[in-house]
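In what follows, a single structure is set out as structure tokens and then discussed.
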DNA sequence: TTAGTCATGTAAGTCGTTACATGATTAT
DNA sequence: ATAATCATGTAACGACTTACATGACTAA
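Protein chains in written order, with the UniProt record's numbering: chain A, 1 to 190; chain B, 1 to 190.
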């Protein structure tokens, strides 16, 4: 039972439909949780049935109707209780790192290519999230916003997201360089 | 099917029993994958049945017998094939960040306490992993080792682990400070 | 006319976590 | 005595992924 709290936390900032929430889980929410749309639709239904969310139907013309969800008092209480429980440590789980671990026992060419690709993806995310941070804090300088802003939660998780992606990028580039240097070395001594 | 490759990659460095592998998954392997002992015992049995690992019984006195596993040629081939496939991006999934996201809509005291605690845990991991790096590279300076060392895979993933933990610690301390400052602010204006 | 956005799900299968189960040896 | 280490699993449940299913509107 963990996705439920991520959904509740994401919905604190307003009304969302399942579809909009799925978008959010690709953008800002991705900084602290990941989930596919199918999971979200199922979780929203469950949370509504339990009374932690309330949904209302919105009729639309020219596009499908949708249901918008808001966190109820019970939902806020559930989050409150969750915050008191001990958090489990977070784990890295990354295909690419499994490949790097095996790197000098298997062919390295494919791994190097994927490191380059990942570095590029991370660069894009850093750029995107940096822009998102600017939007979130508006005109105010950062420390001012952090001291007096009304809603800083999403900003704080976004900060972590930027640092994580930046760090991912640095590592990928460095490891790719190391593996390339070793390839050249081997070519020379052959 | 992802744990299987993490297990194969971990076993590249020698013979392990399920018990020893579980230890490894708490230490070095934790830098790229996480799994509980139960999962590992099940996965080892499956991999052996498929011929990707071979196990041999070791009789012991004064303590329970154990089974040691080695990667077979088929296992190495499986890893090779895995390295060629496209890696999925890795996701953050962290209870603590869910709490921070909700931070200014719920009570912050518990969150601050957990941030401090996590910072301390991460500090410990950084220290431990830094020492592990030193052990792995022996006497050689790092760039020398990375160019000519025989087996650098575990070192490379460990580097990422250190960076990740260091970054986690910095973030926790910073966020805890921000939340504390806001608490004091509110106290002054009350 | 092709791809992308908006919008919501079901079904099957795999993966991961929690709880349970056992039992001898060694260090504090 | 108590806790930790060594050693291997089973069973039940909950979470997550992959594949499938539908259908109208809009922009290039």
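By construction, the Cβ of each residue, glycine as well, lies at the ideal position given by its N, Cα and C atoms.
C-beta atoms of residue i and residue j nearer than 8 Å
| i | j | result |
| --- | --- | --- |
| residue 66(B) | residue 17(B) | yes |
| residue 102(B) | residue 83(A) | yes |
| residue 51(B) | residue 74(B) | yes |
| residue 70(B) | residue 15(B) | yes |
| residue 213(A) | residue 121(B) | Absent from the model: residue 213(A). The displayed extent of chain A is 1 to 190, so no value can be given. |
| residue 173(B) | residue 119(B) | yes |
| residue 90(A) | residue 93(B) | yes |
| residue 5(B) | residue 111(A) | no |
| residue 68(A) | residue 8(A) | no |
| residue 171(A) | residue 2(B) | no |
| residue 105(A) | residue 153(B) | yes |
| residue 147(B) | residue 123(A) | no |
| residue 24(B) | residue 10(B) | yes |
| residue 138(A) | residue 31(A) | no |
| residue 87(A) | residue 20(B) | no |
Three-way DSSP call (helix, strand, coil) for residue i in this model
| i | result |
| --- | --- |
| residue 54(A) | strand |
| residue 88(A) | coil |
| residue 108(B) | coil |
| residue 72(B) | coil |
| residue 67(B) | strand |
| residue 28(A) | coil |
Extent of the continuous alpha helix (DSSP H) to which residue i belongs
| i | result |
| --- | --- |
| residue 171(B) | 153-188 |
| residue 7(A) | 3-11 |
| residue 148(A) | 142-148 |
| residue 19(A) | 18-24 |
| residue 95(B) | 95-101 |
| residue 39(A) | 37-49 |
Chain A contact residues for residue i, given Cβ-Cβ distances below 8 Å
| i | result |
| --- | --- |
| residue 138(B) | Near residue 138(B) there are no residues of chain A at all, since even the closest Cβ is about 16 Å away, more than 8 Å. |
Partners in chain B for residue i, counting only beta-carbon separations shorter than 7 Å
| i | result |
| --- | --- |
| residue 42(A) | Chain B residues near residue 42(A): none, gap ~18 Å exceeds 7 Å. |
| residue 6(A) | 98 |
| residue 190(A) | By Cβ distance, chain B contributes nothing, its closest Cβ being about 15 Å from residue 190(A), past 7 Å. |
| residue 12(A) | 102 and 105 |
Residues that residue i contacts on chain A, provided the C-beta gap is smaller than 9 Å
| i | result |
| --- | --- |
| residue 121(B) | 89 |
Interface partners of residue i on chain A, CB under 7 Å
| i | result |
| --- | --- |
| residue 93(B) | 33, 34 and 90 |
| residue 9(B) | 98, 101 and 102 |
Against chain B: residues of the segment 73-88 of chain A by CB proximity under 9 Å = Those residues of the segment 73-88 of chain A that come within reach of chain B (Cβ to Cβ, closer than 9 Å) are 76, 79, 80, 82, 83, 84, 85, 86, 87 and 88.
Report the residues of the segment 167-188 of chain A with a CB closer than 7 Å to any CB of chain B, ordered along the chain.
-> Answer set for the segment 167-188 of chain A: 167, 171, 175, 178, 181, 182 and 185.
Relative to chain B, which residues along the segment 144-163 of chain A have a C-beta separation below 9 Å, given in chain order?
-> Taking 9 Å as the Cβ-Cβ cut-off, the segment 144-163 of chain A approaches chain B at 146, 147, 148, 149, 150, 151, 152, 153, 154, 156, 157, 159, 160, 161 and 163, given in chain order.
Residues of the segment 97-115 of chain A with a CB closer than 8 Å to any CB of chain B: list them in chain order, please.
-> Here the close residues are 97, 98, 99, 100, 101, 102, 103, 104, 105, 106, 107, 110, 111 and 114.
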